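Report on the following structure.
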Amino acid sequence: MNNIGIGIICFFDKKYFIETNKKIEKIISKNVHCYILTDKSSWFLGFHGYNEYLHLIDYHRDIKSYHDKIILHKLILNNHNCSIVIDADMNINDYSFIDDLLSYEFNIGITYIDTLENQDRKSTRLNSSHA
699 MNNIGIGIIC
709 FFDKKYFIET
719 NKKIEKIISK
729 NVHCYILTDK
739 SSWFLGFHGY
749 NEYLHLIDYH
759 RDIKSYHDKI
769 ILHKLILNNH
779 NCSIVIDADM
789 NINDYSFIDD
799 LLSYEFNIGI
809 TYIDTLENQD
819 RKSTRLNSSH
829 A
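Start counting the sequence shown at 699; every next residue gets the next number (this note's numbering).
Below is the structure:
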């Protein structure tokens, strides 16, 4: 089983915070560590309080960039061997992808979800039948 951490960057609009909050609930309900890079960690603490699977990282910058995702990956990889970062505004209808990722046999190195079809299995979607 993979030791994964899932990260979300959440700034700006309240709708991102609401959507991220829904994602947090789904992720931590699967006992997967969820890392949130945000400038309003107190907002999430108000909903979740202390939870061993929720990691809030206070981050303040005037301009947000792709570099922020790299920071989040580095923080996650300090504690896990697999880091997944999703966007706060990403619409996720089916969270079974987390179960798939927990059992997926990744090649050594960096894998981007959109290049999984380049893996030995030639998958375009993760599913547990590959485990």
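Just so it is clear, CB atoms sit at the ideal spot from N, CA and C, and this is done for glycine as well. A quick note: this is a predicted structure, and the numbers were derived from the prediction, not measured.
Give me the DSSP bridge partner(s) of residue i.
i      : result
Asp711 : The partner list for Asp711 (beta bridge, DSSP) is empty, contrary to what the question assumes.
Ser781 : Gly703
Thr736 : Cys708 and Asp756
His731 : Gly703
Which residue comes first and which comes last in the beta strand (DSSP E) that contains residue i?
i      : result
Ile755 : Leu752 to Asp756
Within 10 angstroms of the Cβ of residue i, are there 16 or more other Cβ atoms? Answer buried if so, exposed if not.
i      : result
Leu754 : buried
Ser781 : buried
Glu717 : buried
Ile706 : buried
Ile806 : exposed
Lys721 : buried
Leu743 : exposed
Tyr802 : buried
Ile796 : buried
In terms of residues, what are the limits of the alpha helix (DSSP H) holding residue i?
i      : result
Asp798 : Ser794 to Ser801
Excluding sequence positions up to five away, which residues of its chain have a Cβ less than 6 angstroms from the Cβ of residue i?
i      : result
Ile725 : Ile704 and Cys732
Lys767 : Val783
Note down, in chain order, each residue of its chain lying with its Cβ closer than 7 angstroms to the Cβ of residue i, except the 5 sequence neighbours on either side.
i      : result
Leu770 : Gly705, Ile707, Tyr733, Leu735 and Val783
Asn789 : none
His778 : Asn701, Ile702, Gly703 and His731
Thinking residue i and residue j are a contact (beta carbons under 8 angstroms), I'd like their distance in whole angstroms, please.
i      : j      : result
Leu799 : Met699 : Incorrect: roughly 10 angstroms between the Cβ atoms, too far for contact.
Ile702 : Val730 : 6 angstroms
Asp760 : Tyr714 : With a Cβ gap of about 17 angstroms, Asp760 and Tyr714 do not count as contacting.
The ligand SAM and residue i: does the residue's C-beta get closer than 8 angstroms to at least one heavy atom of that ligand?
i      : result
Arg759 : Inclusion of the ligand SAM in the displayed structure is not the case, the ligand content being empty and no account of it being possible.
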